[in-house]
Amino acid sequence: MRQQFRNAKFLCVMFAMLFIVEATVMFPRNTYANNSSELAIQSLSTGYRESKVVKQDGTVWAWGGNEDGRLGDGTTDNKLYPMQLKGVTDTVEVTSGQSFTVALHKDGTVWSWGWNIYGQLGDGTTENKSSPIQVKGLSDVTAISSGAAHTLALKSDGTVWAWGWNQYGQLGVNITDSKLIPVQVEGLTDVTAISSGLSDGAAVRRDGTVWVWGNNRSAESSIGTLGSEEWKSVPVQLSGLTNVVAVAEGKYTTAVKRDGTVWAWRWNQNGKNENKTAPFQVKGLKDIISVSGGRGHNLALNKDGTVWAWGGNFTGQLGDGTTDERIDPIRVSDLTDIIAVTASSADHNLALRKDGTVWAWGANEAGQLGDGSMESQRYPVQVNFAGVDGKPALIGGATFNDVTGHWAESMISWAYDNKVVDGYQDGSFKPDNNVSEAEFLAIFLKMFGVQAAVSNNHWADAFYTFGEAHHFPIHGIGNAVELRSAFINRETVAGIIAAADGTHLLKDEAIQYLLDKGYSSGKTSATVVGYKGRDLLTRAEAIQFVKNVKDKGMTLK
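Take 468 as the starting number for the sequence shown in the working numbering and just add one per residue.
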């Protein structure tokens, strides 16, 4: 009989994750080793609004979401820069589920910490742990991969072991009872690679075949019953696919063949033009050495060091400078000499260069890009490990190193002096970067004295509570939290400012209202067309709007 959820908070999170979190992808040991690197990054991992790396000294560094204290620093503050996790040593790989982390040590043992209501920590209990404890009965492990509340482990003998939540048979043991300690997945031998989805699993055998099990919602075409409620509690072979060397679970599962081609199957969403119940070759990709799947986008790493992406792109997670979805793979801008990539379940990515630097792009509402901001990025930005050294957020006070001569230079200094904005660790302001809805709302409302409050959910909750109460035309309210990190356009800004002024208008009417009130003079001319409502807002433009309304004496209505 299926075990029922025993924790209301976890139930809510898990159902939300059905639409947000689908896969955690890990790679073989030493994939990322670079002895010449100052950082000496050994492995990468992305979780839900968080990122982690393992250094060659065995330490684990993490940044991003910390609302439930998952980073173990004694706070619930999000971390905008990498910080070392206390008490975690001798690590070669980490993988993250929902509010829990699993670490593989160099001696082949596995350790875990965090939430444990389904036994996902593998210590034989259901008690949460704030510091690492050893997973029972596991040794000689070479790879790990976590789903929402379960984990798979690959041993050196080619067997696969699993523990934790098992409602859909994702442990592969022919029953649906959760397991508090590792059990062997049935019928799998000679396995060389594994991947976990939200509530399913996949494995590649030495003969190049792919085996899948678990929830048919997240692995429907793998099992061959597209759209049904069926699930498989033991592994079954995926027909029509051979010579595979790697697999990545996600809403759109991908596999790499020995010849460097990429094959995919399942979901019709975010750049997928039709449901596929059988594997098909992804166009335009060759010489691929690894793949990684997010909730609605995919990454592929070419042997020449370039990265390719396709699928959903509403937070810029494809890294091509746009927010346009792509059916066919496009090259991620400005990335060369890459040796590893990983896509997260919450629309951000990490990439490791040969020189040891780590790059990130996509959603950033919890600081998961590690660049010192909470702004989504449509191009890769370098993760700032220098931030952990306690350097000031600004160099020379409010003198930013990239605004001299910029049209908004004086306004940027004004905004900084009024504590509306900050800069970056390297002393820059990035005035031409785009702004998310949450970021604009924060800048706008902070100018009027509305302050952020501590929240266990999202850093901008206080601003959204205010905006919803005042009927702002904002998207990231209710259950649509993921929309908060989407870039905002100038048309939406017009509606927000009009609503704040007590007039509820949308689109062209809101734009005309701003022009009539003198809150804007447009972008190319003082007309609705010249306002350029469809253009995405930049950081400099956000400050210009705020200063304009303050100079005109506007007060919140």
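For each residue, glycine too, the CB sits at the ideal point set by N, CA and C.
Practice problem: Please list, in chain order, all residues of the same chain as Val848 whose beta carbon is under 8 Å from its beta carbon, the five residues on each side excluded. | Solution: Trp826, Ala827, Trp828, Leu836 and Asp838
Quiz item: By DSSP, does Thr498 sit in helix, in strand, or in coil?
Solution: Residue placement at Thr498 cannot be trusted, given a pLDDT of 38 that sits under 50; what the coordinates show is reported in the next sentence. DSSP places Thr498 in coil when its eight states are reduced to three.
Exercise. List the endpoints of the continuous beta strand (DSSP E) containing Ile648.
Key: Lys646 to Gln651
Quiz item: So, helix, strand or coil for Trp881, using DSSP?
Solution: helix
Practice problem: Keeping to the same chain, check which residues put their C-beta closer than 8 Å to that of Glu653; ignore five residues upstream and five downstream. | Solution: Gly639, Val640, Asn641, Val701 and Pro702
Quiz item: In its own chain, which residues sit with a C-beta less than 7 Å from the C-beta of Leu752, not counting the 5 before and 5 after it?
Solution: Thr728, Val729, Ala767, Trp775 and Pro796
Quiz item: Below 8 Å, can you find three or more Cβ-Cβ pairs linking the region 605 to 622 to the region 562 to 577?
Solution: yes
Practice problem: Report buried or exposed for Ser598, applying the criterion of at least 16 other Cβ atoms within 10 angstroms of its Cβ. | Solution: exposed
Practice problem: Measure the C-alpha to C-alpha separation of Ala929 and Gln637 and round it to an integer number of angstroms. | Solution: 38 Å
Quiz item: Could you give the residue range of the alpha helix (DSSP H) that holds Ala961?
Solution: Arg957 to Ala967
Quiz prompt | Reduced DSSP category for Asp787 - H, G, I as helix; E, B as strand; rest coil | solution = coil
Quiz item: In terms of residues, what are the limits of the alpha helix (DSSP H) holding Leu908?
Solution: Glu904 to Lys913
Quiz item: When DSSP labels each residue in this structure, what does Ser512 get in the three-state scheme?
Solution: strand
Quiz prompt | Nearest residue (CA-CA) to Lys646, options Gly586, Gln551, Ala670 and Gly788 | solution = Gly586
Quiz item: In whole angstroms, what is the alpha-carbon distance linking Asp975 and Gln565?
Solution: 42 Å
Exercise. Using three-state DSSP, classify Thr932 as helix, strand or coil.
Key: helix
Quiz item: Among all the DSSP beta bridges, which residues are the ones paired with Gln601?
Solution: Trp578
Quiz item: Contact check, Ala882 vs Ala909 under 8 Å by CB: the rounded distance?
Solution: Not really, about 12 Å apart at Cβ, beyond 8 Å.
Quiz prompt | Assumed close pair Thr721, Asn765 - CB separation to whole angstroms, cut-off 8 Å | solution = 6 Å
Quiz item: Per DSSP, what kind of secondary structure is Asp801 in: helix, strand or coil?
Solution: coil
Quiz item: Near Leu1003, which residues of its chain fall below 6 Å by C-beta distance, leaving aside the five closest residues on each side in sequence?
Solution: Asn901, Phe954 and Asn956
Quiz prompt | For Ser563, three-class secondary structure by DSSP | solution = strand
Quiz prompt | Nonlocal neighbours in the same chain, by C-beta distance under 6 Å from Arg845, ignoring five residues either side | solution = Gly783 and Gly788
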